[in-house]
Each structure stands twice: as C-alpha cells, then as structure tokens.
Amino acid sequence: MIESLRAPVRARRRNSYWRLRSLKGVGYAAPTAVMVTVFFLIPLVLVFWMSLHDWKILGTPTWNFPENYKGIPKDELLKNAIGFTLKYTVIVTVVLSGAAMGLALLVQETRRPGTSLLRTAYFLPGAVGFAAASLLFYSLYIDSGPLDDFLMWLGVIDKPFGWLSTPNKALFSTIVMVIWRFAGFNMLILLTGLQAISTEVYEAGRIDGATRWQLFRHITLPLLRPTIALMLVLSITGSLLAFDQFFILTRGGPDGSTVSVVMVIYREAFTKFNLGLGAAISVGLLAVLVLLNVLQLRVLKRGE
Amino acid sequence: MRGGAVQRRWFAVVATAAACALAVGCGSSNDNKSSSTPSGGSNAAKSGDTGASLTMWTRAATQTQSERFVKAYNASHKNQIKLTVIPTDNYQARVAAAAGGKNLPDLFAADVIYAPNYVSQGLWLDITDKINALPYAKDIVQAPIKAGSKDGKEYVIPHTLDLSVLFWNKALFKKAGLDPDTPPKTMEEFAQDAETVRKKIGGDTYGTFFGGNCPGCYVFTFWPSVWAGGGNVMNPDGTASTIDDPQMKATFDIYNKLVKDDVVMPAAKDEAGPTWTGVFPKGKIGIMPMPSTTLGIMPKDMDIGVAPIPGPSGGESTFVGGDVIGVSSTSKHPDEAWDFLQWTLSDDTQTEIVAKNKDVVARTDLADNKYSSQDPRVVLSNQMVGKGVTPIALNFGATYNDPTGPWLKVARDAVFGNDVSKALADGKQSLTASLSQ
C-alpha cells in the first residue's frame, strides 16, 4: 500500500531529475548553439537569399534569380582567379604537408634535450594573426627592406631582389610566408597522431629488421592516415579560401597574377557593390568546398 | 589584427546601440524643435547644437585632419562627436557592411572618387538647401560637391582637400647644376630636369619616382598632365574611356622613356601605394608629383619647391582629391550632424584649423589668409584648386582604384612595356567595359 503510493513519487522525482539533467545539457549547449546560429547559420541563409536577388546596399532587394548565377561564367577575373587559386592550393598543400611532416618527425621524440623548446619555436608563428603576419612579411619584402639589406650584406645579392615584382616571385614569397605561419600548426596536428602510435609497433618492426624508411613507410604513414586526412582537409579548405595573404601582401599583383577567388568575391561585393553576384560566387564556392571535402574524406577512408 | 577588427566591430555595434538608445531618449523633443526652425545659416548653428552625441567615420588616410576638426568642435559645442578611424583599405567594405545593416554613423567621410557611387546608393542625405543657405555657399570649392551630386541635388561638402603638385628638391637641383628656383613648365622640361639630376649626381640618387604598382597613384599624378594639355581621360559622364588621348600618350611616352633611361628609381615598379610618399623626403629624388597634404610633414631642414603639374608641352592642372563628407541617410540627428558640417566650412575653422596646418582651404575666398601668406607654396596649392579637376564616374573605384581592376594593367603596360600606343588602345576597351557596367 505504502509502496504503491511511493512509486509515482519516486518516478516523478526520477523524472524531474532527468528533466533537470537534460535542461542542464541544453544550458551547456546553448551558447554554442546560439553562436553557430547567429554567426554561421543565419549568415549562410542570408547569403543564399542574397544570391537570388539584385541586392541594393540600402533599399529593397528585387528578385532576379538566376541572373546572379548567370553572371558567374561571364566574370573574366573569376576565370583566372579559379586557375590561380587551384595552382596555389596544390603547391601550398604539398609544400606545407612536407614541411609539417619534417618538423613533426624532428621533434617527435620527447626524451631528447631541447625538444620542447624546438616544438614551441616551430609553433610560435601560428600565434601571430594571419593578417599581421602578412603585414610583417610585406615590410620585410619591400624593396631595399630589411631582407634585401641583410642578403646584400651577406653578399648573396647585389641589388634588391624584388620579392613581389614578378608573378612567380610574388607567389613564391607568399608561399614562404604561409609556410612560416602554418607549418608549426600542422606539425602539431601530425604530432598528436604520431604520439598515438604505440612504441610497441615500432619495436616489433625493428626486431623484424625493418629499416628507418620501412618503419616510416609501413608503420607511421598507414597509422597516421586519419591525422593526415585532417591536415589535408584543413590545408586545402584554407588554401581555396585564401584572401588575407594576397590582399595584403600582393594586392592581387603584379599585373593581376595573384587574384584569388575570395578576392573576386570581395571586389564584386565591396568595390562594385554587386552584392548579389558576390553572394552567388560564395554559394558556388561553398558547394565546391563541401563536394571536395566529401570526396577527400571518402578517398582517404577507403584504405581503412 | 583579426581580434582587433572583431573588437572594433563589437564596439561599433555597441556604440550604434548606444546612439540609438540616446535617439529614442532625447529624440522626440529635439526633433520637433529642429524641424520647425529654418535650416541653414546662423540659425541652424544654434538649433543644431543640442548636445547630441554623434558618430563619425573617416579613413586613416585623412585621420589627422578629421581629428583636428573633431577635437576643436567638441571643445566648443554641446554636441559631442565620437570619431572612428578605419584603415583605408577596409573603408569601403566597412561602409557597405554598415549600410546593409542600417548601422551607418551620423557622419561619414569618403574619398571623393567614391562619392558618385555612394550617392547613387543613397548613403547620404540631400543637403542642397542647407548648402545653398550658407552665406559663403558660392565660395566653397565646387569640384568635390559636384562629384557628390546627382540630378541637381547635392549630398556632400569638401572635408579635406588633397591636390597633386610637383615637389622638387632644391639642394639636388643645385648640385646637378640646375636653377633651384625654376620649376619645369612642361613635362618635357620635367623629364630633362629629372635626367640631369640622375646623370649629374648618380649613385643612389634618381631623377624621379612614382607609385608604379599603385593604380590610384597613377590617377593622381599622371592625369593632371592630360588635363593641363587640354585633353581628357573619360567622357563627361564617366561612362567611356578616352585614355588614348594624345596628351595621355605623350605623358606615358615621357615616363616610359624615363624608366628605360634609368632616371626613375627602380623601386617604383613595385611601389603598391602604402609608402609612395615616403621616398621623396629621404632626399634621393630630384622631382616628383606629390600630394599637397604631405607638405606639412616634410623634413623641416629640406628645401622643397612646389609647382603645378604641367602638361606635356605646357599648361597646368591638378587632381582635386581628398575626402568629402555628408550626413548619412540613416542618421537620427541630421540637424546636429549638419551643425558640424557647416562649422567646418566657417571662416574661423578654415583659417585656424585648416590653413594654420598648411592644408588647402575648402573656400576660394579664404585662399589668401594670414597663415597661407607666410608660405607662398600654400598659396599656390590654394590657387590650384580652381584650376584642377575631380574626375567623376559611377564605377571609378572599381575601374581605377582597385588593384584588381583594369586600370593598373593599362598604366603598367604603358609605363613599363614597349608599346605605349597599343597599351592605351587595348586599355580604352577594357576601361570602357568597366566604366559602362
């Protein structure tokens, strides 16, 4: 009798416990959910909505679908920018992955003296804001700037090198800056993967008489696959969205040789005030990125 | 950098919110009062100074001048202006973003060449009647007002004036055996002077310099030669390019030869703009076109001559650049904002703030004042205002100032390439395509 009376009370109590727990959960998740909604979802929907309209800065937008999307293939600047951005992405991803892997292998072993110092040193440029880093390198690269002075003092060159003076030099100089800024960060990603590989596997390999290269090729690389996938996704996505480095360092020059896709969006939206076309190109770029990432993850997962 | 930008954006949001709150709080009583009084003249000066807090934006390039205005105005008025300075390269994007979110400040300045576009986007309030009611309306420099007009309505007044003029280094002229007190009267003479400096002195001293990878610099320093020679670079509407004008070709020919003959400092080719005015004060350049606003910040011990930019075979002209300012169309305090604008144009402000700091005055009747008469070089700049041109085109920024626009390629092909005529003929097409969009 008493039991049967108590049961609903307990159930209610348990109910309120779970309700409180789930409320707590909602509470914890809410800030992130709000941030994602306000700063990601709403802008995303707005950009898509904008791309369907002739969007005035002030005043009412008028529906003009598919006018903006029709404008994309007509944009001459965009055609060159796509080619350039792809070229940049390939070069940066290859060089950056190589550099990051090299650095990670160098500082992989914690027992050696000075390892933590080196790790910190390699990672440190990653703590500099990207735009700030671009400005920093701009002031290094300018004609008769500190870099020229130093190299002339060393006797390596006898007149200013012109770091940003030709399309190839400008691309090279930008990539040097990007590697300096991001190699440490990518090294950190790889390191987490390297640390997760058990030493026993290596020992087993060594007992079987494997050389250093064989250990790397047949143990490190396969076990590092998910980590490498993450690094590649980040690097490729970041490179396809390149903006700061070219906007600040080369301003798209010389002779329009380093205009990236995002710079074209910027020009359409903020210089020509053609917000609709800018939004349409953004939507296109987003679609390409989503597709690329899906493909990439699928290819990299196939071996598992 | 990024963090800073985000912070500033937050600050702008908070500031705007605060301004809106104020507007709601004090709006009703003030609005009635100010709308019932006639605007313009000294009446407006009284009715507009109600103790409102106003927001104002300016680009970093004209920060010094804007800060002087705001400081003096806040010290003598009940209205208080909060000035936000925005990096020059970011300015357009910030204005566009703010306009889209209806968050424009009460007052905002802009590079005069962007004025036609901002006006056509409806970012500023029509202030035609207020300007015309000023007792000195006719004496205000007209070129910037014209750039910010549409269909007979005026939206802006000149905020700062920046003219292109020739600077020459008298010490280097003397050293090269040239008369340090005679500036060139034609671009031909300009080229000869520059060549003489290079040949006679040599080493790391060069004849001339320009921003060779800076589209706006070409516009500012090369076009006056075209106007001086009686030519033009566009049709009057700014919808078609006439860049193949004989005067333009002659000017490019001269610079092209100067580059080939090693008279131009080699760094010119990569000079993208940020440091182009910093080369002359180092004392290694004989003669070059410079912005008049930099005269006040040249080294004190440097003897500099100032002359108008000549045409290829005579005449003189200048690019009347700088900033214009207007009341934003979303401002809650248009009368208070106008109070500031008309104050900046008043006799006292123009003399004691603008002229005193060697800047060009925005009123032709004040060209000769107690400060400018102490320095004949300033009088020259003031007089050149009337002879100069502010080119007007709806797509000016996207065509000529944006480094990814068509103009930079045209100018670089013409100056550093081998075929000036072809560069200009090709350029005429790409420029017209961009202007007529």
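Protein chains in written order, with the working numbering: chain C, 607 to 910; chain A, 128 to 564.
Think of the CB as a built atom: it goes at the ideal place given N, C-alpha and C, for glycine as much as any other residue.
No experiment lies behind these values; they were computed from the predicted model shown.
* Asked: Excluding five sequence neighbours on each side, which residues of the same chain lie with their C-beta closer than 6 Å to the C-beta of residue 453 of chain A?
  -> Around residue 453 of chain A: 251, 282, 283.
* Asked: What residues in the stretch 240–260 of chain A have a beta carbon less than 8 Å from any beta carbon of chain C?
  -> So the close ones are 244, 248, 249, 250.
* To do: Take every Cβ of the stretch 413–425 of chain A, pair it with every Cβ of the stretch 289–299 of chain A, and state whether three or more of those distances are shorter than 8 Å.
  => Counting Cβ pairs under 8 Å, three or more are found: they touch.
* residue 499 of chain A and residue 520 of chain A closer than 8 Å at C-beta -> No Cβ-Cβ contact shorter than 8 Å links residue 499 of chain A with residue 520 of chain A.
* Hey, could you find the ends of the beta strand (DSSP E) residue 443 of chain A is sitting in? => For residue 443 of chain A, the enclosing beta strand (DSSP E) starts and ends at 441–444.
* Return the Cβ separation of residue 541 of chain A and residue 383 of chain A in integer angstroms, given the expectation that the two are a contact with Cβ distance under 8 Å. => In this structure residue 541 of chain A is in contact with residue 383 of chain A, their Cβ atoms being roughly 7 Å apart against a cut-off of 8 Å.
* Which value, in whole angstroms, describes the spacing of the CA atoms of residue 258 of chain A and residue 314 of chain A? -> Computed Cα separation, rounded: 39 Å.
* State the CB to CB distance for the pair residue 547 of chain A and residue 376 of chain A, rounded to an integer number of angstroms; the pair is presumed to be in contact (CB under 8 Å). => Between residue 547 of chain A and residue 376 of chain A, the beta carbon gap of about 6 Å places them in contact (Cβ cut-off 8 Å).
* Pairwise C-alpha distance: residue 297 of chain A and residue 858 of chain C -> Here the C-alpha atom of residue 858 of chain C lies approximately 37 Å from the C-alpha atom of residue 297 of chain A.
* Segment limits, beta strand (DSSP E) that includes residue 207 of chain A -> Taken as a continuous stretch (DSSP letters only), the beta strand (DSSP E) holding residue 207 of chain A covers 207–213.
* Asked: Any Cβ of chain C within less than 8 Å of the Cβ of residue 397 of chain A?
  -> Output row for residue 397 of chain A: interface = yes.
* To do: May I ask you to verify whether the stretch 742–751 of chain C touches the stretch 842–860 of chain C, counting CB pairs closer than 8 Å and requiring at least 3?
  => Result yes; three or more Cβ-Cβ pairs closer than 8 Å.
* When the Cα atoms are used, what is the spatial distance from residue 795 of chain C to residue 399 of chain A? -> Distance from the CA of residue 795 of chain C to the CA of residue 399 of chain A, rounded to the nearest whole angstrom, comes to 37 Å.
* Sort A:202, A:423, A:380 by Cα distance to residue 543 of chain A and report the nearest one. => For the residues A:202, A:423, A:380, the minimum Cα distance to residue 543 of chain A belongs to A:380.
* Asked: Less than 7 Å between the CB of residue 389 of chain A and some heavy atom of the ligand ATP, yes or no?
  -> Absent from the structure shown: the ligand ATP. Ligands present: none.
* Can you find a C-beta in chain C that's less than 8 Å from the C-beta of residue 232 of chain A? -> Not one chain C Cβ lies under 8 Å of residue 232 of chain A.
* To do: Run the CB neighbour count on residue 459 of chain A, radius 10 Å, all protein chains shown included, and call it buried at 16 or more, exposed below.
  => It is buried - the Cβ of residue 459 of chain A has at least 16 other Cβ atoms within 10 Å.
* Within 10 angstroms of the Cβ of residue 469 of chain A, are there 16 or more other Cβ atoms? Answer buried if so, exposed if not. => By the neighbour-count rule (16 or more Cβ atoms within 10 Å), residue 469 of chain A is buried.
* Asked: If we count the other Cβ atoms within 10 Å of its Cβ and call it buried at 16 or more, is residue 824 of chain C buried or exposed?
  -> Exposed, because fewer than 16 other Cβ atoms sit within 10 Å of the Cβ of residue 824 of chain C.
* Under the three-state reduction of DSSP, which class applies to residue 305 of chain A: helix, strand or coil? -> In the structure shown, residue 305 of chain A sits in coil (DSSP, three-state: anything other than H, G, I, E or B).
* Answer with yes or no whether the minimum CB distance from residue 563 of chain A to chain C is below 8 Å. => It does not: the Cβ of residue 563 of chain A has no partner Cβ on chain C nearer than 8 Å.
* To do: Name the two residues that bound the continuous beta strand (DSSP E) containing residue 447 of chain A.
  => Where residue 447 of chain A is concerned, the enclosing beta strand (DSSP E) stretches over 447–454.
* **Uninterrupted alpha helix (DSSP H) stretches inside the stretch 793–880 of chain C (no shorter than 4 residues)** => List check, alpha helix (DSSP H) in window: 805–813, 818–821, 827–846, 867–872.
* Could you check what DSSP says for residue 401 of chain A in three-state terms: helix, strand or coil? => Correct three-state label for residue 401 of chain A: coil.
* **Neighbouring residues, chain C, relative to residue 421 of chain A (Cβ below 8 Å)** => None at all; the shortest Cβ gap to chain C is about 19 Å.
* What separation, rounded to the nearest whole angstrom, lies between the Cα atoms of residue 374 of chain A and residue 320 of chain A? -> In a straight line, the C-alpha of residue 374 of chain A is about 20 Å away from that of residue 320 of chain A.
* Asked: Are the stretch 520–529 of chain A and the stretch 320–333 of chain A in contact at 8 Å, needing three or more beta carbon pairs?
  -> In short, these stretches do not touch, since the Cβ pair count stays below three.
* Using 8 Å as the Cβ pair cut-off and three pairs as the minimum, do the stretch 357–364 of chain A and the stretch 804–820 of chain C touch? -> The stretch 357–364 of chain A vs the stretch 804–820 of chain C: no contact.
* Asked: What three-state label does DSSP hand residue 458 of chain A in the structure shown?
  -> Coil.
* Asked: What whole-angstrom Cβ distance do residue 886 of chain C and residue 677 of chain C have, given they're in contact under 8 Å?
  -> About 7 Å; that satisfies the 8 Å criterion.
* To do: Helix, strand or coil for residue 515 of chain A, going by three-state DSSP, please let me know.
  => Residue 515 of chain A: coil per DSSP, three-state reduction.
* **Contact list for the stretch 208–232 of chain A against chain C, Cβ threshold 7 Å** => Cβ proximity to chain C below 7 Å picks out 219, 220, 223, 226, 227 from the stretch 208–232 of chain A.
* Take residue 831 of chain C as the anchor and find which of C:847, C:815, C:800 has the nearest alpha-carbon. => Minimum Cα distance to residue 831 of chain C is reached at C:800.
* To do: Please confirm if residue 873 of chain C has its CB atom under 8 Å from at least one CB of chain A.
  => The C-beta of residue 873 of chain C comes closer than 8 Å to at least one C-beta of chain A.
* **the stretch 871–881 of chain C in contact with the stretch 777–796 of chain C per 3-pair CB rule at 8 Å** => Contact fails between the stretch 871–881 of chain C and the stretch 777–796 of chain C, because fewer than three Cβ pairs, one in each stretch, are under 8 Å apart.
* **Extent of the continuous alpha helix (DSSP H) to which residue 237 of chain A belongs** => Bounds of any alpha helix (DSSP H) do not take in residue 237 of chain A; it lies within the beta strand (DSSP E) bounded by 234–238.
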